[in-house]
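S.K.:
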Amino acid sequence: MLAGALTRRLLLAGGFTLPAAFVLGQAPAPSGLPAREAFELLRAGRIVLVDIRSPGEWADTGLPQGAIPYDLDATAFDVRLAGLRLDNPGKRIALIDRTGAQAAATVQKLGGRGWRDLVAVRGGMLGPGGWLAEKLPVVGYP
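With the working numbering applied, the sequence shown corresponds to residues 573 to 714, in that order.
#1: Taking residue 670 and residue 607 to be in contact with their CB atoms under 8 Å, please state how far apart those CB atoms are, rounded to whole angstroms.
#2: Does the structure place the segment 640-655 close enough to the segment 698-707 that three or more beta carbon pairs sit under 8 Å?
#3: What is the DSSP secondary structure of residue 592, reduced to helix, strand or coil?
#4: How big is the Cα-Cα spacing for residue 690 and residue 620?
#5: Roughly how many angstroms separate the alpha carbons of residue 632 and residue 616, rounded to a whole number?
#6: Whole angstroms are fine: how far does the CA of residue 680 sit from the CA of residue 613?
#7: According to DSSP, simplified to helix, strand and coil, what is residue 623?
#8: With DSSP collapsed to three states, give me the class of residue 608.
#9: Identify, in the order they occur along the chain, each residue of the same chain with its Cβ nearer than 6 Å to the Cβ of residue 610, setting aside the five sequence neighbours on each side.
#10: Tell me the rounded alpha-carbon separation between residue 673 and residue 618.
#11: Given 6 Å as the limit, tell me if residue 657 has its C-beta closer than that to any heavy atom belonging to the ligand ZN.
What follows is the structure in structure tokens.
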């Protein structure tokens, strides 16, 4: 009896909470920019798209049409990205990778350094809802 009353009190006092999305029946919105929206914004000249995969990955799948290839693991990646940012004032920079995870992590890492104009492309090139799944245009990489 005492254990049941204690459990009930803890629940009522907030000792055990459920995520708001579960309680409200809503899942949190996925972060990042949908691939199709990224393509439309790129075509409209409102974003700069940077493919942060490796040259081998670019050769395997091609590059998103209009993307700038900057290997995330290359020396001076941050410096090159900062230069691109200076050359494109007022435009957001969208990062695309293989599945969206590395781009999201990079956005978060650089966001911690004060970057506020970066966004990851959801699904990357190969993930669900990504560039290839949406049948968006690609160009070959030499």
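The beta-carbon is built from N, C-alpha and C at its ideal position, and this holds for glycine as well.
All of these numbers come straight from a predicted model, not from anything done at the bench.
M.R.: Taking the coordinates as given:
#1: Rounded to the nearest angstrom, the Cβ distance from residue 670 to residue 607 is 13 Å, too far for a contact under 8 Å.
#2: no
#3: Legend: pLDDT at residue 592 = 35, less than 50; position of this residue unreliable, value from coordinates given subsequently. Helix at residue 592.
#4: 10 Å
#5: 27 Å
#6: 21 Å
#7: strand
#8: In the structure shown, residue 608 sits in a helix (DSSP, three-state: H, G or I).
#9: Hits under 6 Å: 666, 693.
#10: Answer to the nearest angstrom: the Cα atoms are 23 Å apart.
#11: Of ligands this structure carries none, so the ligand ZN is not represented either.
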